[in-house]
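Add 392 to the 1-based position in the sequence shown for this note's numbering, that's all there is to it. Ideal placement from N, C-alpha and C gives every residue a C-beta, glycine not left out. This one's a predicted model, so the numbers in the text were calculated from it and none came from an experiment. For reference, the structure discussed in these notes is given below.
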Amino acid sequence: MESILELRSLSKHYSTHRAVEDVSLSIHRGEFFSLVGPSGCGKTTTLRLIAGFEHPTSGEILLDGQPLAGLAPHQRDVCTVFQNYALFPHLTVEQNVAFGLERRRNISKQRIREEVVDALALVRLSGKESRFPNQISGGERQRVALARSLVIRPKVLLLDEPLSALDAKLRKEMRQELKKLQRSVGIAFLFITHDQEEALSLSDRVAVMNKGKLEQIGAPQELYRRPQSRFVAEFLGEVNWLNGVCVRPEAVHVSRGLPAPAAHSTVGIVESMTFLGNCLHLEARLPDGSYWVAELPQQHCDFAAGETVNLWWQAADEFQIPGSN
Ligand code: ADP
Ligand code: MG
Numbered sequence: 393m394e395s396i397l398e399l400r401s402l403s404k405h406y407s408t409h410r411a412v413e414d415v416s417l418s419i420h421r422g423e424f425f426s427l428v429g430p431s432g433c434g435k436t437t438t439l440r441l442i443a444g445f446e447h448p449t450s451g452e453i454l455l456d457g458q459p460l461a462g463l464a465p466h467q468r469d470v471c472t473v474f475q476n477y478a479l480f481p482h483l484t485v486e487q488n489v490a491f492g493l494e495r496r497r498n499i500s501k502q503r504i505r506e507e508v509v510d511a512l513a514l515v516r517l518s519g520k521e522s523r524f525p526n527q528i529s530g531g532e533r534q535r536v537a538l539a540r541s542l543v544i545r546p547k548v549l550l551l552d553e554p555l556s557a558l559d560a561k562l563r564k565e566m567r568q569e570l571k572k573l574q575r576s577v578g579i580a581f582l583f584i585t586h587d588q589e590e591a592l593s594l595s596d597r598v599a600v601m602n603k604g605k606l607e608q609i610g611a612p613q614e615l616y617r618r619p620q621s622r623f624v625a626e627f628l629g630e631v632n633w634l635n636g637v638c639v640r641p642e643a644v645h646v647s648r649g650l651p652a653p654a655a656h657s658t659v660g661i662v663e664s665m666t667f668l669g670n671c672l673h674l675e676a677r678l679p680d681g682s683y684w685v686a687e688l689p690q691q692h693c694d695f696a697a698g699e700t701v702n703l704w705w706q707a708a709d710e711f712q713i714p715g716s717n
């Protein structure tokens with residue numbers, strides 16, 4: 393795969409604090425790539441280095457094969473969508489989207505108008521051209537911010553937690569829209585989030601970051617099912633541990649009889665049952681004193697606290713973390 397953006401041993405230190413430390417990764421053309429990690433792990437700093445708002449302490453960034461060192465933000469063929477959208481309140485939707493194009497020379501008024509119409513249609517905002525940012529909803533403001541960036545046709549679109557200001561329902565809807573949009577424009581997206589579900593559901597590949605360093609890069613399924621560190625395993629979801637082996641809650645089955653023959657199993661005593669709407673969490677205490685969680689569909693909820701049960705899972709559903717046993 394051909395890479396459009398490459399980070400080579402990128403580091404950014406603020407005096408003694410290592411905000412970004414030796415990060416190397418390569419984003420392919422047309423790829424939806426996410427950088428995920430807890431708050432403060434260095435995601436925004438990485439993005440600001442790419443956009444040119446910060447200078448690296450060491451390392452190199454290449455866009456389409458060209459080193460970016462020495463180029464000011466506006467000379468870099470990337471665009472950033474910020475968490476707070478950063479729209480101009482005194483400009484209409486249309487003027488906000490046209491703004492970046494108007495600053496470029498050699499583009500006719502007619503051409504700008506056409507491009508803006510196309511960009512607004514792309515994000516389903518046709519008909520709202522003359523509204524001001526305070527006259528549209530949060531989701532619509534988000535779409536204006538996207539249109540404003542896409543109309544410039546950057547080589548890579550950088551998005552810093554763009555959905556985090558939206559409420560839960562709108563956020564899920566925008567997630568799907570964002571993915572469709574990325575597919576239709578074919579521009580590589582570097583999407584930053586602290587939300588592991590968002591990263592897993594949107595991306596072709598995900599990089600997990602922790603304390604300024606990259607922990608692991610891979611396809612969502614690969615990271616979730618074959619994490620290479622305890623941090624990645626636990627950041628991406630709940631984990632049950634047994635003798636150096638891990639099993640995710642949704643892979644654990646609970647039964648009263650003998651375990652299924654092809655499965656691995658342990659016994660446990662039911663500690664509690666928690667109703668979560670679409671499923672149920674059964675917590676069980678194992679003989680070694682540890683606790684396991686099984687995520688069960690509603691129909692299997694006839695277990696009682698204090699009852700001894702078999703917890704079993706398929707061999708393919710367990711994973712080991714290198715160096716953990
Ligand atoms: P994230 O986006 O993953 O939440 P950031 O990249 O914003 O994290 O920050 C990473 C670390 O670098 C944090 O500990 C933050 O306090 C620190 N940091 C960020 N910017 C600066 C700065 N300008 N000066 C000093 N420390 C900073
Ligand atoms: Mg941030």
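Asked	Found
Please give me, in chain order, every unbroken run of the beta strand (DSSP E) with length at least 3 that falls completely inside the segment 435-517.	450-455, 470-473
Does the beta-carbon of S431, which I'm using as the reference point, lie nearer than 7 Å to any heavy atom of the ligand ADP?	yes
Between P546 and I579, is the Cβ-Cβ spacing less than 8 Å?	yes
Between the C-alpha atoms of V637 and C433, what's the straight-line distance to the nearest angstrom?	27 Å
Whole angstroms is fine: what's the gap from H656's alpha carbon to E699's?	20 Å
Compare the beta carbon distance of V515 and L538 with 8 Å and say whether it is the shorter of the two.	yes
What does DSSP give as the partner residues of R677 in its beta bridges?	I661, Y683
Is the beta carbon of G553 within less than 7 Å of some heavy atom of the ligand MG?	One detail in the question is off: residue 553 reads as Glu in this sequence, not Gly. Checking the Cβ of E553 against the ligand MG gives yes.
For N476, does the count of other Cβ atoms within 10 angstroms reach 16, so buried, or fall short, so exposed?	exposed
To the nearest angstrom, report how far apart L562 and L517 are at their CA atoms.	16 Å
Just the C-alpha distance for N498 and A490, rounded to the nearest angstrom, thanks.	14 Å
Based on the DSSP secondary-structure assignment, which residues constitute the bridge partners of C433?	Answer by DSSP bridge pairing: none, since C433 is not bridged.
Output the residue ranges of the beta strand (DSSP E) runs that lie fully inside the segment 614-653 and measure 3 residues or longer, sorted by chain position.	632-634, 637-639, 645-647
Run through DSSP, which three-state label would V600 get?	strand
To which residues of the same chain is G492 closer than 7 Å at the C-beta, ignoring the five residues directly before and after it?	R540, V543, I544
Just to check my reading of the structure: W684 and A643 have Cβ atoms closer than 8 Å, yes? What is that Cβ distance to the nearest angstrom?	Actually they do not touch by this definition, with Cβ atoms about 11 Å apart.
Using CA coordinates, which residue listed in M601, M393, L460 is at the minimum distance from A411?	M601
Examine the ligand ADP and report whether any of its heavy atoms sits within less than 7 Å of the Cβ of H409.	yes
For the segment 470-485 against the segment 549-568, are there 3 or more C-beta pairs whose distance is under 8 Å?	yes
Would you check if the distance between the CB atom of V639 and the CB atom of V701 is smaller than 8 Å?	no
Identify whether K404 lies in helix, strand or coil by the three-state DSSP scheme.	strand
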